[in-house]
Amino acid sequence: MKKLRSELLAVFFFVLSSLLALYLAINIHQIPGIASEKSAVNIYFVLYYLVFLIVFTAIILMLVKKHADIIRAIFLAAVIYMVFVVSSIIADIISVNFIEYYLIIILITGIFGYLIIFKNEWYITDAAGILMISGSAAILGNILRVYIAIALLIVFAVYDYISVYKTKHMVSLARAAVDNSFPLMFTLPENYNMKLRDLTFDNRGESNVMMLGFGDMAIPEILVISASISNISHIYLYFILTTLGSISAMIILFYINKNKPAPGLPLINSGAIAGYLIALIITII
Numbered sequence: 000m001k002k003l004r005s006e007l008l009a010v011f012f013f014v015l016s017s018l019l020a021l022y023l024a025i026n027i028h029q030i031p032g033i034a035s036e037k038s039a040v041n042i043y044f045v046l047y048y049l050v051f052l053i054v055f056t057a058i059i060l061m062l063v064k065k066h067a068d069i070i071r072a073i074f075l076a077a078v079i080y081m082v083f084v085v086s087s088i089i090a091d092i093i094s095v096n097f098i099e100y101y102l103i104i105i106l107i108t109g110i111f112g113y114l115i116i117f118k119n120e121w122y123i124t125d126a127a128g129i130l131m132i133s134g135s136a137a138i139l140g141n142i143l144r145v146y147i148a149i150a151l152l153i154v155f156a157v158y159d160y161i162s163v164y165k166t167k168h169m170v171s172l173a174r175a176a177v178d179n180s181f182p183l184m185f186t187l188p189e190n191y192n193m194k195l196r197d198l199t200f201d202n203r204g205e206s207n208v209m210m211l212g213f214g215d216m217a218i219p220e221i222l223v224i225s226a227s228i229s230n231i232s233h234i235y236l237y238f239i240l241t242t243l244g245s246i247s248a249m250i251i252l253f254y255i256n257k258n259k260p261a262p263g264l265p266l267i268n269s270g271a272i273a274g275y276l277i278a279l280i281i282t283i284i
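Heads up: the sequence shown begins at 0 in our numbering, then just goes up one per residue.
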């Protein structure tokens with residue numbers, strides 16, 4: 000029953016971040032810069048993104064043993080920057096004057112920046128992760144056409160499988176992230192009073208903590224948003240079915256994974272694509 004709390008928390012985070020991403024995407028859909036980017040992005044974007052990830056991961060793994068503090072600072076800066084981006088979009092949507100606009104940005108970014116640097120706990124990193132992946136999914140979902148988003152999901156599902164089961168470098172990155180408190184993963188504990196400083200990669204099982212990478216939610220959510228925005232007349236049908244497909248696959252992943260590192264994207268991305276195809280069939284019929 001306790002394990003169910005971790006799994007339900009993961010599902011809740013996925014739904015919450017998807018809803019926030021849709022809210023952001025709808026409101027930035029008409030921004031001229033976003034529209035022009037969509038027409039300029041082609042299928043090669045997927046390869047560029049993959050090469051960047053491979054190179055970046057290799058650099059991190061080479062430097063992490065001697066420069067863990069520097070690597071952590073880089074990841075913290077990246078998270079805070081994405082919180083700033085999302086807070087800027089939110090401020091642009093709800094503010095009525097310049098004072099409110101800058102106040103919202105300063106408050107959201109400042110509070111998260113202070114907490115994640117000086118008072119970090121699992122729920123703070125998770126909250127920042129929700130903002131981070133929501134912003135990423137909203138922006139990329141707007142920029143990428145559906146077929147490019149699907150290609151991205153397929154390529155990254157294959158890459159995730161290889162990097163976990165074959166080369167195992169993603170397992171090494173997860174170990175480094177957990178042991179050094181890099182903000183790269185959702186921490187989903189059965190005991191909500193768990194302290195992040197007590198968690199290591201090796202004791203996460205005995206501490207009854209489930210870990211899920213930010214990318215395991217962010218990548219399928221790109222298709223959720225791309226499918227929804229590209230089919231604006233059926234936006235909620237595509238959103239609901241693509242999200243349900245992702246969540247269903249996530250639940251299957253939890254069921255078959257027996258406390259061993261497992262790639263999340265092959266299943267979750269497949270669920271997202273299946274949900275999209277069902278929505279497509281319904282709209283065609």
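Using N, Cα and C, we set each Cβ at its ideal position, and we do this for glycine too.
- Counting along the chain, Pro188 sits inside no alpha helix (DSSP H); it lies in the beta strand (DSSP E) bounded by residues 184–188.
- Beyond the five residues adjoining it in sequence on each side, Tyr237 comes within less than 6 Å, by CB distance, of Ala226, Ser227, Asn230, Ala278 in the same chain, given in chain order.
- When C-beta atoms of the stretch 263–271 are compared with those of the stretch 216–224, three or more pairs fall below 8 Å, so the two segments count as touching.
- For Val95, the number of other beta carbons within 10 angstroms of its own is below 16, and it is reported as exposed.
- About 5 Å separates the CB atoms of Ala9 and Leu187; that is less than 8 Å, so the two are in contact.
- If you ignore the 5 residues before and after Leu19, its C-beta comes within less than 6 Å of the C-beta of Ser133, all in its own chain and listed in chain order.
- In this chain, the beta strand (DSSP E) harbouring Val208 covers 208–212.
- The beta carbon of Ile115 sits closer than 8 Å to those of Leu75, Val78, Ile79, Ile123, Thr124, Ala127, Pro182, all from its chain and outside the five residues before and after it, given in chain order.
- In this chain, Met193 is not harboured by any alpha helix (DSSP H), its DSSP state being neither H nor E.
- For the pair Phe155 and Asn268, the CB atoms are nearer than the 8 Å cut-off.
- In the three-state DSSP reduction, Ser180 falls in the coil class, being neither helix nor strand.
- Collapsing the DSSP output to three states places Ser94 in coil.
- Looking from the CA of Val170, the closest CA among Asp178, Pro260, Ile42 belongs to Pro260.
- Put simply, the stretch 11–18 touches the stretch 239–259. At least three CB pairs are less than 8 Å apart.
- Between Ala176 and Glu99, the alpha-carbon positions lie close to 36 Å from each other.
- Closest by C-alpha distance to Ser162, out of Ile234, Leu152, Ile53, is Ile53.
- Taking 8 Å as the cut-off, the Cβ atoms of Val85 and Leu21 do not count as close.
- The alpha-carbon separation between Lys194 and Trp121 amounts to approximately 7 Å.
- Judged by beta-carbon spacing, Asn141 lies beyond the 8 Å limit of Ile92, meaning their Cβ atoms are not closer than that value.
- Distances from the alpha-carbon of Lys65 to those of Ile88, Tyr158, Asn179, Asn41 put Asn179 closest.
- In the structure shown, Lys64 falls within a coil segment according to DSSP collapsed to helix, strand and coil.
- Where Val154 is concerned, the enclosing alpha helix (DSSP H) starts and stops at 145–160.
- Using a Cβ distance threshold of 8 Å, Leu222 and Ala273 do not count as a contacting pair.
- Remark: C-beta atoms of Leu152 and Leu60 do not approach each other more closely than 8 Å.
- For Thr124, the enclosing alpha helix (DSSP H) has its first and last residue at 121–142.
- Here DSSP, grouped into helix, strand and coil, assigns Gly274 to helix.
- In the three-state reduction of the DSSP assignment, Gly109 falls in the helix class, which pools H, G and I.
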